[in-house]
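FYI, the numbering for the sequence shown is 49 to 437, going by the numbering used here. Heads up, the beta-carbon is just placed ideally off N, CA and C, and yes, glycines get one too. Encoded as C-alpha cells, the structure appears first; notes follow it.
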Amino acid sequence: MTVTKPVFDRLGFWLWVGSFLIVLGLTLWSPGTRSVVHIYRHGSEAFLAGEPLYHVVVAMGYLYAPAFAVLYIPLLKLGPYLGNILWYMLGFGLLTLAAMRQVRKLGGQEQTWLLSFGLFLALPVALAALRNGQATILLTGACWFLTLSALEGRRAESFLWATLAIVAKPTAIIMLLLAGALRPRLIPVLVLSVLAVLAIPYGFASADYVTAQYHDFFRMLTSMAVDPTGSFVPTDFTAPFASLRLPLPEFDATVVRVVAALLTLWVVLQFDRRLDDTTRGLAIFLVATFYMCVFNPRVEQNTYAMVAVPSGIAIALLWRDEKAAAIRWFLAALLFVTGLTSLDRQMHNFFYPWFRPVSISIVASLLIGWFWARGREKAAADAGSVAHG
C-alpha cells in the first residue's frame, strides 16, 4: 500500500465524481446520444396513454415492471434535460452512497483510501453504464443497501431498498431471495415489498389495462429466459462458448445456472456464518452480483457494472493483506483493464462478448476464495480462543 496510498487517497474518488460530471455535461449537450433513457420515457408515455408497454415476441425495448413506468412519470414531466439529469444523479448518488456505507462498515483508519482506490478500479467497467443512464446503476445501489440493511435486521430499510430494487429491474428478485434465506424473519417484509411493487400501477390506471400489462410482462420474462431473440447478444458464461462456435444447448446452460444458484446460496450462508460483521456484507454482495451477472441469461456487457464496484472495494481491502502481494496487483490490473477493452473498435470486436465474463469470473472467484480463507482463519482463531479459555 505504500506505493498507491499517497496517490489514491482521494484521487480515485475525484476521478469517479469528475467522470460523472463529464457524463452529465454530455447528457445536457445531447440527451439522446448513447443513452437508454428514451426507453424509460417511452414506457411512461405508453402507460399514460394506455398503450401496450411490451413487445412480447421480440422481447426488446421496455423490459421493466409496470411500476417503473409509473415512478418515472415525474421525471418524464420534467422534460428531457432536467428529467435526465435527475435520473442520472439518482443512480450515481445511490451507488456512491452504498459504497461509502460499505466502507464505513469495513472500518479502520484508511476508509477514504479504500473508497477512492476501489472506485478508481471499478470506473472503467462502470463508466459505460453510467454514460448510458442504465437502471443497472440504480439496481446496484439499491441491492447493496438491501444487503447491508438485511444483515443488520432493519425491516423498514429492507422494505424500502427491496421495493426500489424490484422497480429498477426484475432481476432484483435474486437478491431478495438471498436476503430471505439469510434472515428468514425478513421474509414477510420482502414479500410485502414485492406486493407493493405489483400494486403501485393499479393506483394510476384501470385494473383491466394494468392486468393486461402484467400478463404480457410475465410472458416476456419467460420468453427472455428460454429463447433470446432479436439483436440481443448475451454476455453471460455462455458467451465464450458461442464465440468459439460451440454454443451450449439451452438445457445444459439451465443446469449450470441451477447448480450455480445452489452453490451461490451455500457460499452466502457460509459467509454469513464465518465472516465478521465488517466484511460479511461486502463478501455476500460480491457473490450475489457475480451470480447476477455471469449466470443471468439476459446480461449485457454494461451490466457488469454491478459486480465491478464491490470487486473494486474488495480489491482495495485485499491490499491490506501483506500475504497477497502478488495477487492484489494481478486483480487490480485485470479489473481495470477489463473496462478498457472497448476503447478501440477493433479491440472491442476482438474481446466482445467473451472476455468480460471470463475476466470478471477470474476476479470474483479469486476474491471469493480470499474471503473464504479469511473465514477459515477467523474460525480457527475463535476455536483457539475457546480452547485457551
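- Here Arg82 really is in contact with Arg179; their C-beta atoms are around 6 Å apart, less than 8 Å.
- DSSP places Arg179 inside the alpha helix (DSSP H), whose first and last residues are Gln159 to Asn180.
- By the C-beta density criterion, Pro236 is exposed, having fewer than 16 other C-beta atoms within 10 angstroms.
- If only complete runs of 4 or more residues are kept, the stretch 302-345 shows the alpha helix (DSSP H) at 325-342, in order along the chain.
- Cβ neighbours of Phe399 within its own chain (closer than 8 Å, five residues either side excluded): Thr389 and Ser390.
- A Cβ-Cβ separation of about 19 Å leaves Phe165 out of contact with Gly329 under the 8 Å criterion.
- Ser291 is positioned such that its CB atom lies no closer than 8 Å to that of Pro405.
- The residue from Ala115, Leu382, Trp192 and Phe168 with its alpha-carbon nearest to that of Leu142 is Trp192.
- Around the C-beta of Trp77, fewer than 16 other C-beta atoms lie within 10 Å, and the residue is accordingly described as exposed.
- Here Val173 is actually not in contact with Leu163; their C-beta atoms are around 17 Å apart, not less than 8 Å.
- Around the Cβ of Gly423, a 10 Å sphere holds 16 or more other Cβ atoms; the residue is buried.
- Inter-segment contact for the stretch 132-140 and the stretch 281-298 is absent: fewer than three beta-carbon pairs are separated by less than 8 Å.
- For Pro295, no alpha helix (DSSP H) encloses it, and the DSSP letter there is neither H nor E.
- The C-alpha of Arg231 is placed about 7 Å away from the C-alpha of Ala198.
- Put simply, the stretch 208-225 touches the stretch 175-190. At least three CB pairs are less than 8 Å apart.
- Ranking Met354, Tyr129 and Pro100 by CA distance to the CA of His86 puts Tyr129 first.
- The stretch 234-248 makes no contact with the stretch 295-311; the number of CB pairs closer than 8 Å stays below 3.
- Beyond the five residues adjoining it in sequence on each side, Leu134 comes within less than 8 Å, by CB distance, of Leu123 and Leu126 in the same chain, given in chain order.
- Excluding its 5 nearest sequence neighbours in each direction, Ala331 has C-beta neighbours in its own chain below 7 Å: Phe319, Leu323 and Phe419, listed in chain order.
- In this structure, the beta-carbon distance from Leu383 to Val342 does not fall below 8 Å.
- By the beta-carbon neighbour count (other beta carbons within 10 angstroms, threshold 16), Thr259 is exposed.
- Taking 8 Å as the cut-off, the Cβ atoms of Ala227 and Leu194 count as close.
- With a contact defined as Cβ atoms closer than 8 Å, Thr351 and Val335 miss out at about 16 Å.
- For Ser241, the three-state secondary structure derived from DSSP is helix.
- Taking a C-beta distance under 8 Å as the contact criterion, Gln261 and Pro358 do not qualify as a contact pair.
- Around the Cβ of Glu348, a 10 Å sphere holds 16 or more other Cβ atoms; the residue is buried.
- At the C-beta level, Val118 and Phe252 come within 8 Å of one another.
- Apart from the 5 residues on each side of it in sequence, Ala170 sits with its Cβ closer than 6 Å to the Cβ of Ala356, Val357 and Gly360 in its chain, given in chain order.
- The C-alpha of Leu310 is placed about 14 Å away from the C-alpha of Met223.
- Bounds of any alpha helix (DSSP H) do not take in Ala113, whose DSSP letter is neither H nor E.
- Collapsing the DSSP output to three states places Asp256 in a helix.
- In the three-state DSSP reduction, Arg404 falls in the helix class (H, G or I).
- Judged by DSSP in its simplified three-state form, Ser78 adopts coil rather than helix or strand.
- Asn132: member of the alpha helix (DSSP H) spanning Gly127 to Leu154, first to last residue.
- In terms of Cβ geometry, Ile363 and Ala380 form a close pair [threshold 8 Å].
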